[in-house]
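Going by the UniProt record's numbering, the first residue of the sequence shown is number 1, and it counts up by one from there.
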Amino acid sequence: TSPQGDEDSIYVAVGTVGPVSICFDVTTQFQFYKHGVFSSLLCHKDSQHVNHAVLAVGYNVTESNEPYWIVKNSWGADWGINGYFWIERGKNMCGLADCASYPIV
């Protein structure tokens with residue numbers, strides 16, 4: 001597991017170990033995501049409010065140098081970016097870093 005709220009350890013794990021299971025607070029706004037980096041002032045940033053599990057599979061930065069996670073959702077390939085979404089990295093957006101889990105080998 002990752003220390004609660006520690007996106008740096010998730011970053012290292014995704015880059016060296018592989019995909020990391022994360023949970024976060026899904027809002028109605030997120031359900032209609034189509035593209036771009038998701039960021040919200042409406043979602044909670046604590047583990048008590050997380051309600052959806054997904055898989056962080058990578059990371060990148062936009063052309064304007066905004067860091068984001070590349071995340072695989074479970075809602076099918078017709079949702080988001082072929083079943084994936086980008087979410088803001090470095091701010092524990094929607095509590096995504098509060099319950100991360102990955103194997104230690």
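In this text, a Cβ means the ideal position worked out from N, Cα and C, and glycines have one as well.
First and last residue of the uninterrupted alpha helix (DSSP H) at residue i
i, result
"A13", "7-16"
Residue i in three-state terms, based on DSSP
i, result
"S47", "helix"
"F32", "coil"
"G58", "strand"
Span of the beta strand (DSSP E), counted from its first residue to its last, around residue i
i, result
"F24", "20-24"
"F85", "84-88"
"K72", "67-72"
Identity of the residue in the options nearest residue i by Cα
i, options, result
"V26", "P103, V12, A53, V37", "A53"
"F24", "K34, F38, H49", "H49"
"P103", "Y11, G18, D8, E7", "G18"
"C43", "A56, T28, G36", "T28"
"N92", "G15, W69, H35", "W69"
"N82", "A13, I10, S74", "S74"
"V57", "E7, Q4, D6, G15", "G15"
"S40", "D8, G95, Y84", "G95"
"N65", "D6, R89, Q31", "R89"
"F85", "D46, S47, H35", "H35"
"I87", "V71, A100, D78, A77", "V71"
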